[in-house]
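Engineer: Encoded as structure tokens, here's the structure I'll be asking about.
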Amino acid sequence: MERPRHQGMAKNTCMRWRLPLVCLLWEVAMIVLFGVFVRFNPESDAHWEEEKQKMNLTSDIENDFYFRYPSFQDVHVMIFVGFGFLMVFLKRYGFGAVGFNFLLAAFGIQWALLMQGWFHSFENGKILIGIENLINADFCVGSVCIAFGAILGKTSPIQLLVLTLFQVTLFAVNEYILLNLLHVKDAGGSMTIHTFGAYFGLMVTRILYRPNLEQSKDKQGSVYHSDLFAMIGTLYLWMYWPSFNSAISEHGDAQHRAAINTYCSLAACVLTTVAFSSMLQKKGKLDMVHIQNATLAGGVAVGTSAEMMLTPYGSLIVGFICGIVSTVGYVYLTPFLESRLHIQDTCGIHNLHAMPGLIGGIVGAITAAAATEDVYGTEGLIKAFDFTGQYATRTPSVQGGFQAAGIFVSLLMALAGGALVGAILKLPIWGDPADENCFEDDVYWEVPEDEESDVYRMHDPAKPASP
Amino acid sequence: MERPRHQGMAKNTCMRWRLPLVCLLWEVAMIVLFGVFVRFNPESDAHWEEEKQKMNLTSDIENDFYFRYPSFQDVHVMIFVGFGFLMVFLKRYGFGAVGFNFLLAAFGIQWALLMQGWFHSFENGKILIGIENLINADFCVGSVCIAFGAILGKTSPIQLLVLTLFQVTLFAVNEYILLNLLHVKDAGGSMTIHTFGAYFGLMVTRILYRPNLEQSKDKQGSVYHSDLFAMIGTLYLWMYWPSFNSAISEHGDAQHRAAINTYCSLAACVLTTVAFSSMLQKKGKLDMVHIQNATLAGGVAVGTSAEMMLTPYGSLIVGFICGIVSTVGYVYLTPFLESRLHIQDTCGIHNLHAMPGLIGGIVGAITAAAATEDVYGTEGLIKAFDFTGQYATRTPSVQGGFQAAGIFVSLLMALAGGALVGAILKLPIWGDPADENCFEDDVYWEVPEDEESDVYRMHDPAKPASP
Amino acid sequence: MERPRHQGMAKNTCMRWRLPLVCLLWEVAMIVLFGVFVRFNPESDAHWEEEKQKMNLTSDIENDFYFRYPSFQDVHVMIFVGFGFLMVFLKRYGFGAVGFNFLLAAFGIQWALLMQGWFHSFENGKILIGIENLINADFCVGSVCIAFGAILGKTSPIQLLVLTLFQVTLFAVNEYILLNLLHVKDAGGSMTIHTFGAYFGLMVTRILYRPNLEQSKDKQGSVYHSDLFAMIGTLYLWMYWPSFNSAISEHGDAQHRAAINTYCSLAACVLTTVAFSSMLQKKGKLDMVHIQNATLAGGVAVGTSAEMMLTPYGSLIVGFICGIVSTVGYVYLTPFLESRLHIQDTCGIHNLHAMPGLIGGIVGAITAAAATEDVYGTEGLIKAFDFTGQYATRTPSVQGGFQAAGIFVSLLMALAGGALVGAILKLPIWGDPADENCFEDDVYWEVPEDEESDVYRMHDPAKPASP
């Protein structure tokens, strides 16, 4: 079935020993590290009864689990079904899209629990985890799923695991710089997740540039049903994005507000996406690529500011702009990036995550800088930006400056990290596919071949199914 | 690819300027109106800390967000994935089903926030929104999705936006009459959402009657995989319906009870749907149309009464009846409505929403009229029907009468409104498809054509994909 | 279209009167039994206001609804979409997989509410139900869905309903023995749900052995898109499994901990599944069957111990082992069971539920036996294992012994029950399909035939769709 032509002969894509080795060794490493470091935090530990008394809590409902578990599950769906199925649009790469996304995310959340744990939940030599750590691990992996979108169809599963290992590491470092050193707010991750993940992925795909990729160009499109599968991914991302942006916000009004702002931004984004998708096509027909992707840009772009007093109409404006920017990006920028800058961006993450992520960082900086005691209340302002301890004297405008700095840090980390990791992935040992086998499940998956062709005979039982 | 025959030539279905214009102008209008009117309510505003002290709340968990957010997300899934994918059953209209549903719902929730806000959350010149408003906006849009089911495949996206604008407006008026003037209970919307939405849609499709629709009859069926996609919609509607009917019920027992009653009703409904689907077919085979739709009628029919003391066995009885009514409707009534009354009801919403909605209204009236202090407790009865203030002296039997009145008001509003909106949509300016192009994505979407045919060559790489 | 060969002629698969009769009679029985027995429990009854005062609760948020409803909805999705779509992988049995699963689960939850109610929620002659009963009913039905996996494609819908009736009954008895008589902990049901359900189903399929099943072997595979549909089932099971294992755990730390442990176990399981899937295939390619199924074994295997102090690294170890055991099972054990033991296990439930379920029981017994006051705290230990009342003096090691006993009881009940029910299902009155019609929707469903073939003409409108 596989038909090696040109240099394809030279590529050894057999995963039989390499992939199992990496999976097993790394998983053993996880077990050892978890054994040494990871324990339950007070809210998930069996000593909780005593803890409750210490914290003077009267009810189990005060356990953080009940504040965040529903949002956690929504985020979990976004990572595995949302990103997984969004990438199923390719006609022959459905197994790889949803299966490799599954693999890298399952590994990534473990490594993220450790990396983020060392930075944020380390106490007396132990990482103490609870529901918020699970959400953050999913978030971190979200940035890897984004980067995966840029190189979709062009990498081996081992490359994806290597990518995950490094990207999660750098993500945690970047997140630490932003949240702890710069004391920046970024609950929905416009900067830490989207800007970082997208530019990281774009740099990796730039380094891995394949000049002869047009050999598999015919496989780089969708078919009717693969577009419908992709809409499952789109809709779950769209519907649950309010949970994404509110999942780790402060209890109470902040979570509540983040959900409302995101809801509004996403709604507006759909309208302008449809408008520009139709406008930019000669016959005015809608393009599924835009509906599947650009409609989500509004969620990305309020990632930093959703928990702030962005207000519903502010959110509509952000969504309005991002639907346009993203759709225009798909039509004009993606081809330009590929032909001029040699950035082959399979899913167009530049339009869905990179630009809206930057916009999100800027909107966050402005919204923070514009905060006043009048709008937030005295207590509210302190709580919203955590102006306590060493930051007790920080003013909103200074906060805005730090927010802006966070954008640049994320961008730099992403580009430098992506260049490094791209160079590592370029080593000829990872079993990546030949150019003419890109976007093709056959390379790494047992594809039901005879059965596939059998569909054509479905109602012609005279012919035997397989000889 | 498009092949205009007969009068098809005359139809200009190009959306290039009309659709973008409507989307952009209306979205700008939304931004302006939100800017003038919409603000956060006390539970989502940054002043919540002060509010908590005023309301004497000790914990953030008392924020309405935690009572309703999980239900909100379930309702959100029902509107976008549930309705969207339920309508994907048509073999060539999957993009339109899920994509236009996405578009109209995204616009509709914004307009609903405003319309319902003016009626129910208007304070000092501002609409104050929180999680309950988002749920109500989704509910309102649900009635538009229902109406969309009747005209599925026969309208342009602009017509759908116009429909949404008017239907949301009338929905809000009707809801105001029922909930505020008649003081009727309708938490799951048997009357306000289903009866109103369905008869509205049926009237619209009656006005838009296409005598020559049989020209596209071959496209009005399903294919194997489109039926499986539709089952995704069905199951999400079925599973989350307990959330739908309980989402805006009173905190505590009412939400709890509404979920249980709905769960029971839906379970019974599946059994009778299967029974009659098999019984009414010559060879006793099951029909996917019934399984996809009639199984949901039990959820519709306890929409009004689920939060009342309907009791689990009462719910089973309602579900039992509705599975039968709905399935029989699909077999006998839908063809009758089309041939005799010229009501072309693509999805059979008469069987899934109209009749079960009416039954739901009646069950609600009876359940309310039968309420006693013995069953509800003194406090419980007052709380369940909100017999306070000017309604302090209303008795259950009077309440039952008002509930019944609510059915008729909804019916009248739907028929009158549907006639009006149908007439507007009949104007020859909206770019609706010719009869022979109905149920065909090609008209408004870029369909992956070459790729589609490429599937047939999937394992025959010798032939080039596209010339 | 159907082509009866050999003994196929003799089989009467017409469901026209039998299926409706069973559905209607049984549903009427449900209504009568619910009418006599089932009422709301204090938390879902309208007298809740008075109850709150009695229980000294200050807020509606203390209603069990808010502790468990989000988990309930996740479990609900697992039963209907998870199991339903996981079994859609067969190329021609998608309707049966998702549709029959829908039917049996809808009936099963009603019967389970009664059976489990009589054992666990019976007060003063009434079964008082609340959200926890709904979860338990879904759990019980989960074991039937598991058994369905073994006989998928080889039974009539009536057989499935008969199976459900008996299996739910025996499930409730077994559950009563374990939870009440042995006082065993099994929150996620490794023993009661998975071990019991799987061995029950395996015994049934053994009794129903079809020596000539290779006649329909060509239909027992998947096609490309059916594998993608199945991944929807897989992912929802995988993502929501933390909810499954924590849904009925004690409020607070136990629910919290169960979610974390399950999350960890599942993540590790993916890595070893991928490793062994690649390793055991000659060319090192991944097999979708393993990805769809073995990745879930980690969730099964922490079903008993997830709420205990298994710790995150303990969970990783369990997941690590189960991914291997399950994948190896698919490659070597399933063919062996079929050829030597005549156990035809369509979905390979032996690998996904039976073995991991046993492992789960053992892990639970060990974890319980290893519990100490040091790890759990004095109060925590009593609460975790409910060492109160007549069990106040039970020690962890004794508890471990009882846990182990629970495994054997479940196993025995499953094998004996499965043999009995298998014998009943073997009666020639249930309309099961002939060997050559197995795994074929055509037998019990109206399949869109002409439309299916029409796909091939999708862009060739010259040919008429149906003559």
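Protein chains in written order, with my numbering: chain A, 4 to 470; chain B, 4 to 470; chain C, 4 to 470. Backbone N, C-alpha and C define an ideal beta-carbon position, used for all residues, glycine too. Here the structure is a predicted model, which is why all the values come from computation and not from measurement.
Locate the beta strand (DSSP E) running through VAL366 (chain A), then write down its first and last residues.
Structural biologist: Here the question's residue 366 (chain A) lines up with position 363 in the first sequence. No beta strand (DSSP E) holds VAL366 (chain A); the alpha helix (DSSP H) holding it covers 358-372.
Engineer: Below 8 Å on the Cβ atoms is my contact criterion, and I expect PHE247 (chain C) with GLY191 (chain C) to pass it. Report the Cβ-Cβ distance as a whole number of Å.
Structural biologist: Translated into positions along the third sequence, residue 247 (chain C) becomes position 244. Translated into positions along the third sequence, residue 191 (chain C) becomes position 188. About 6 Å separates the two Cβ atoms, so the contact holds.
Engineer: Chain B partners of ILE352 (chain C), CB-CB under 8 Å?
Structural biologist: By 1-based counting over the third sequence, the position of residue 352 (chain C) is 349. Residues of chain B passing the Cβ test: none, with the nearest at roughly 21 Å.
Engineer: Apart from the five residues on each side of it in sequence, which residues of its chain come closer than 7 Å, Cβ to Cβ, to ASP141 (chain A)?
Structural biologist: Locating residue 141 (chain A) in the first sequence gives position 138, counting from the first residue. Taken in chain order, the residues that qualify are VAL78, HIS79, ILE82, ILE112.
Engineer: Quick one: measure Cβ to Cβ for SER225 (chain B) and LEU93 (chain B), integer angstroms, because I've assumed they're closer than 8 Å.
Structural biologist: The count along the second sequence starts at 1 and reaches residue 225 (chain B) at position 222. The count along the second sequence starts at 1 and reaches residue 93 (chain B) at position 90. Indeed, because the Cβ distance is near 7 Å, the residues count as touching under 8 Å.
Engineer: Any residues in the stretch 12-30 of chain A with a beta carbon nearer than 9 Å to a beta carbon of chain C? Which ones, in chain order?
Structural biologist: THR16, CYS17, MET18, ARG19, TRP20, ARG21, LEU22, PRO23, LEU24, VAL25, CYS26, LEU27, TRP29, GLU30
Engineer: From the DSSP output, read off the bridge partner residues of LYS129 (chain B).
Structural biologist: In the second sequence, counting from the first residue as 1, residue 129 (chain B) sits at position 126. Beta-bridge pairing links LYS129 (chain B) to B:GLU126.
Engineer: Please look up how many angstroms separate the CB atoms of VAL25 (chain B) and VAL207 (chain B), rounded, as I've assumed it's under 8 Å.
Structural biologist: Within the second sequence, numbered from 1, the residue matching residue 25 (chain B) stands at position 22. Within the second sequence, numbered from 1, the residue matching residue 207 (chain B) stands at position 204. Between VAL207 (chain B) and VAL25 (chain B) the Cβ distance is about 18 Å, and since that is not below 8 Å, they are no contact.
Engineer: For VAL91 (chain A) versus LEU238 (chain C), is the C-beta distance shorter than 8 Å?
Structural biologist: Locating residue 91 (chain A) in the first sequence gives position 88, where the first residue counts as 1. Locating residue 238 (chain C) in the third sequence gives position 235, where the first residue counts as 1. Their beta carbons are not under 8 Å apart, which means VAL91 (chain A) does not touch LEU238 (chain C) by this criterion.
Engineer: Assuming the contact rule is C-beta atoms closer than 8 Å, ASP348 (chain A) and THR330 (chain A) should be a hit. Round their C-beta distance to whole Å, please.
Structural biologist: As a working mapping, residue 348 (chain A) is identified with position 345 in the first sequence. As a working mapping, residue 330 (chain A) is identified with position 327 in the first sequence. ASP348 (chain A) to THR330 (chain A), Cβ: 15 Å. No contact.
Engineer: If you count every other CB in all the chains shown that lies within 10 Å of the CB of MET58 (chain A), and 16 or more means buried, which is it?
Structural biologist: Along the first sequence, one-based indexing puts residue 58 (chain A) at 55. Exposed.
Engineer: If you draw a straight line from the C-alpha of LEU164 (chain A) to the C-alpha of CYS441 (chain C), how long is it?
Structural biologist: Sequence index remark: in the first sequence, residue 164 (chain A) carries index 161 (1-based). Sequence index remark: in the third sequence, residue 441 (chain C) carries index 438 (1-based). Going by the C-alpha atoms only, they are around 41 Å apart.
Engineer: Tell me where the beta strand (DSSP E) around ARG477 (chain A) begins and ends.
Structural biologist: Given a span of 4 to 470 for chain A in the structure shown, any question on residue 477 (chain A) remains unanswerable.
Engineer: I'd like the span of the alpha helix (DSSP H) that includes ALA387 (chain A), first residue to last.
Structural biologist: Numbered from its first residue, the first sequence carries residue 387 (chain A) at position 384. Residues 381-388.
Engineer: Would you please verify whether the beta carbon of SER252 (chain C) is less than 8 Å from any beta carbon of chain A?
Structural biologist: Here residue 252 (chain C) corresponds to residue number 249 of the third sequence, with the count starting at 1. With 8 Å as the cut-off, SER252 (chain C) does not count as an interface residue toward chain A.
Engineer: Can you find the residues in the same chain that come closer than 6 Å, C-beta to C-beta, to HIS186 (chain A), ignoring five residues on each side of it along the sequence?
Structural biologist: In the first sequence, the residue the question calls residue 186 (chain A) occupies position 183. TYR394.
Engineer: Once DSSP output is grouped into helix, strand and coil, what is the label at LEU166 (chain A)?
Structural biologist: Indexing the first sequence from 1 puts residue 166 (chain A) at position 163. In this structure, LEU166 (chain A) counts as helix in the three-state DSSP scheme.
Engineer: Give a yes or no on whether the C-beta atoms belonging to VAL334 (chain C) and SER318 (chain C) are separated by under 8 Å.
Structural biologist: One-based indexing of the third sequence puts residue 334 (chain C) at position 331. One-based indexing of the third sequence puts residue 318 (chain C) at position 315. Taking 8 Å as the Cβ cut-off, VAL334 (chain C) and SER318 (chain C) do not qualify as a contacting pair.
Engineer: Identify whether TRP448 (chain B) lies in helix, strand or coil by the three-state DSSP scheme.
Structural biologist: Residue mapping note: residue 448 (chain B) aligns to position 445 of the second sequence, counting from 1. Looking at TRP448 (chain B) - three-state DSSP - the assignment turns out to be strand.
Engineer: Go ahead and label VAL450 (chain C) buried or exposed: buried means 16 or more other beta carbons lie within 10 angstroms of its beta carbon, across all protein chains shown.
Structural biologist: For this step, residue 450 (chain C) is matched to residue 447 along the third sequence. Buried, since its Cβ has 16 or more Cβ neighbours within 10 Å.
Engineer: Using Cβ-Cβ distances below 7 Å, what residues of the stretch 98-120 of chain B are close to chain A?
Structural biologist: So the list reads PHE98, VAL101, GLY102, PHE105, LEU106, ALA109, PHE110, ILE112, GLN113, given in the order they occur along the chain.
Engineer: Determine the DSSP secondary structure at SER308 (chain C), reduced to helix, strand or coil.
Structural biologist: Counting from 1 along the third sequence, the entry for residue 308 (chain C) is found at position 305. Three-state DSSP puts SER308 (chain C) in coil, outside helix and strand.
Engineer: Do we get a CB-CB distance below 8 Å when we pair GLY367 (chain B) with the residues of chain C?
Structural biologist: For the purposes of this step, residue 367 (chain B) is taken as the residue at position 364 of the second sequence. By this cut-off, GLY367 (chain B) is not an interface position.
Engineer: Measure the alpha-carbon distance for GLN170 (chain C) versus VAL147 (chain C) and round it to whole angstroms.
Structural biologist: Position 167 of the third sequence, counted from the first residue, corresponds to residue 170 (chain C). Position 144 of the third sequence, counted from the first residue, corresponds to residue 147 (chain C). In this model, GLN170 (chain C) and VAL147 (chain C) are separated by some 7 Å (Cα to Cα).
Engineer: Only counting the same chain, and skipping five residues up and downstream in sequence, which positions put a Cβ closer than 7 Å to that of PRO160 (chain A)?
Structural biologist: Within the first sequence, numbered from 1, the residue matching residue 160 (chain A) stands at position 157. The residues are MET18, LEU22, PHE103, LEU106, TYR447.
Engineer: Going by DSSP in three states, LEU289 (chain B) sits in which element: helix, strand or coil?
Structural biologist: Within the second sequence, numbered from 1, the residue matching residue 289 (chain B) stands at position 286. In the displayed model, LEU289 (chain B) falls within a strand according to three-state DSSP.
Engineer: Counting only beta-carbon atoms, is GLU65 (chain C) nearer than 8 Å to chain A?
Structural biologist: As a first step, residue 65 (chain C) is located in the third sequence; it is residue number 62 there, counting from the start. Yes, contact with chain A.
Engineer: Does ALA395 (chain B) have its Cβ less than 8 Å from a Cβ in chain C?
Structural biologist: By 1-based counting over the second sequence, the position of residue 395 (chain B) is 392. Taking Cβ atoms only, chain C never reaches closer than 8 Å to ALA395 (chain B), which makes this a no.
Engineer: Which of the three DSSP states, helix, strand or coil, is assigned to ALA205 (chain A)?
Structural biologist: Working through the first sequence from its first residue, we reach residue 205 (chain A) at position 202. Per the sequence presented here, residue 205 (chain A) reads as Leu, with Ala not at that position. Three-state result, LEU205 (chain A): helix.
Engineer: Taking VAL273 (chain C) and GLY326 (chain C) to be in contact with their CB atoms under 8 Å, please state how far apart those CB atoms are, rounded to whole angstroms.
Structural biologist: What you label residue 273 (chain C) is simply residue 270 of the third sequence in a count that begins at 1. What you label residue 326 (chain C) is simply residue 323 of the third sequence in a count that begins at 1. About 7 Å; that satisfies the 8 Å criterion.
Engineer: At the level of alpha carbons, what is the spacing between ILE320 (chain B) and ILE34 (chain C)?
Structural biologist: As a working mapping, residue 320 (chain B) is identified with position 317 in the second sequence. As a working mapping, residue 34 (chain C) is identified with position 31 in the third sequence. Each residue's alpha carbon lies about 7 Å from the other.
Engineer: Indicate the three-state DSSP secondary structure (helix, strand or coil) for LEU211 (chain B) in the structure shown.
Structural biologist: On the second sequence, residue 211 (chain B) is found 208 positions in, with the first residue counted as 1. Residue state, collapsed to three classes: coil.
Engineer: For ASP463 (chain A) and chain B, any beta-carbon pair shorter than 8 Å?
Structural biologist: Stepping through the first sequence from its first residue, residue 463 (chain A) is reached at position 460. Note that ASP463 (chain A) has pLDDT 37, beneath the 50 cutoff, so the model's placement of it is unreliable and the number below is only indicative. It does not; no Cβ of chain B falls within 8 Å.
Engineer: Cα separation between ILE410 (chain A) and PHE232 (chain C)?
Structural biologist: Taking the first residue of the first sequence as 1, we reach residue 410 (chain A) at position 407. Taking the first residue of the third sequence as 1, we reach residue 232 (chain C) at position 229. Taking the straight line joining both Cα atoms gives about 39 Å.
Engineer: Give the secondary structure of TYR243 (chain C) by DSSP, where H, G and I count as helix, E and B as strand, and everything else as coil.
Structural biologist: As a first step, residue 243 (chain C) is located in the third sequence; it is residue number 240 there, counting from the start. Here TYR243 (chain C) sits in helix by DSSP.
Engineer: For TYR96 (chain A), return the contacting residues in chain C, with the cut-off set at a CB-CB distance below 7 Å.
Structural biologist: The residue given as residue 96 (chain A) occupies position 93 in the first sequence. Per Cβ cutoff of 7 Å: no residues; TYR96 (chain A) is ~11 Å from chain C at best.
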